[in-house]
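The C-terminal position of the sequence shown is numbered 285 in this note's numbering, with every residue numbered one higher than the one before it. Beta carbons are placed, not taken as given, at the ideal position from N, Cα and C, and that holds for glycine. None of the values given here were measured: they were computed from a predicted structure. Reading through the structure tokens given below for one structure.
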Amino acid sequence: MKNVNSINELIKKFEDIIVDEENLITNESVVALKHVVTGKYLSSNKDLNYTTGSKSQLVFAVSSDLDPSSLWKINFNKELSTYTNGFITLQHVKSKMFLGIDYGKNEYNGSFHYTQYYDHKSPSTNHTEVNCNDINYHRYWVKDWEFNHAKVRDNQGFLKSNDIINLRIKKSHDINGNYCQNGQYEFLRSHDIQFTIGNNIFQEVVCHNKRLGGIDEWRIELFKHFI
């Protein structure tokens, strides 16, 4: 019986390894990010723009039912990403735009180009606006995110489907265009606060530099059947 139990345990470990490998999130995987507290998915829509702030492509949290507007392609510089080198970009699958924040805008006065600095605020709570834009938009638009495991401190493992994470992004310049040597980190958050554009109601998604809490947690889900 002892040998049988050992074989069963060996088989079980082998099966667990296979399951873990299937759940690993690799470079260019298609994923969804589900807000843990409200159960809604991080989403965008190429046909909707903010009416305030940057007036860029809208980012919001929507329905607990997954749909194509909630799919993102995750990119990092290795095949697998660990919690110790967690820089990623998130590209919205339908619009091809990237998730980020911006705090400046290139302007032209008829003679030369210059940068106008803005502190773009979210529609309802006046936190930092989160939007989608082209990856080459301008130097004051930031699209490189870092992730940390929200539940396991000092996690050394690989990013996997159903991990609960915090996402943060670093500004390298302040709203006056001054370079910040150490930068300023802000965390991705959603909550049950809403805003309206036309006749549509959206759950707000923002970045902030306040204390972390449950509303800053996101469950990353691997979408295996890309359409």
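For a test of the three-state rule: what should DSSP assign to residue i, helix, strand or coil?
{"i": "aspartate 274", "result": "helix"}
{"i": "serine 139", "result": "coil"}
{"i": "threonine 183", "result": "coil"}
{"i": "serine 102", "result": "strand"}
{"i": "glycine 257", "result": "According to the sequence shown, residue 257 is asparagine rather than glycine. In the structure shown, asparagine 257 sits in coil (DSSP, three-state: anything other than H, G, I, E or B)."}
{"i": "asparagine 85", "result": "coil"}
{"i": "methionine 128", "result": "A quick correction: the sequence has serine, not methionine, at residue 128. The answer is helix: DSSP assigns serine 128 an H, G or I state."}
Whose C-beta lies closer than 7 Å to the C-beta of residue i among residues of the same chain, with five residues either side of it excluded?
{"i": "phenylalanine 134", "result": "Asn85, Phe145, Ile146"}
{"i": "histidine 266", "result": "His185, Thr186, Glu244, Phe245, Arg247"}
{"i": "glycine 111", "result": "His178, Lys179, Glu187"}
{"i": "asparagine 107", "result": "Lys113, Ser114, Gln115, Leu116"}
{"i": "glycine 272", "result": "Val94, Val95"}
{"i": "serine 219", "result": "Asn81, Ile83, Ile278, Glu279, Leu280"}
Assuming residue i and residue j make a contact with CB atoms under 8 Å, what is their CB distance in whole Å?
{"i": "tryptophan 276", "j": "isoleucine 223", "result": "6 Å"}
{"i": "phenylalanine 253", "j": "isoleucine 193", "result": "About 26 Å; that fails the 8 Å criterion."}
Note down, in chain order, each residue of its chain lying with its Cβ closer than 8 Å to the Cβ of residue i, except the 5 sequence neighbours on either side.
{"i": "alanine 90", "result": "Tyr99, Leu100, Leu124, Ser128, Leu129, Trp130, Ile278, Glu279, Phe281"}
{"i": "threonine 140", "result": "Gln214, Gly215, Phe216, Leu217"}
Once you ignore the five residues that flank residue i on each side, which residues in its own chain have a CB closer than 6 Å to its CB?
{"i": "valine 263", "result": "Val117, Phe118, Ala119, Val188, Ser248"}
What residue range does the beta strand (DSSP E) around residue i cover?
{"i": "alanine 208", "result": "That residue, alanine 208, is in no beta strand (DSSP E); it is neither H nor E in DSSP."}
{"i": "phenylalanine 134", "result": "Counting along the chain, phenylalanine 134 falls outside any beta strand (DSSP E), and DSSP gives it neither H nor E."}
{"i": "threonine 147", "result": "145–150"}
{"i": "aspartate 160", "result": "156–160"}
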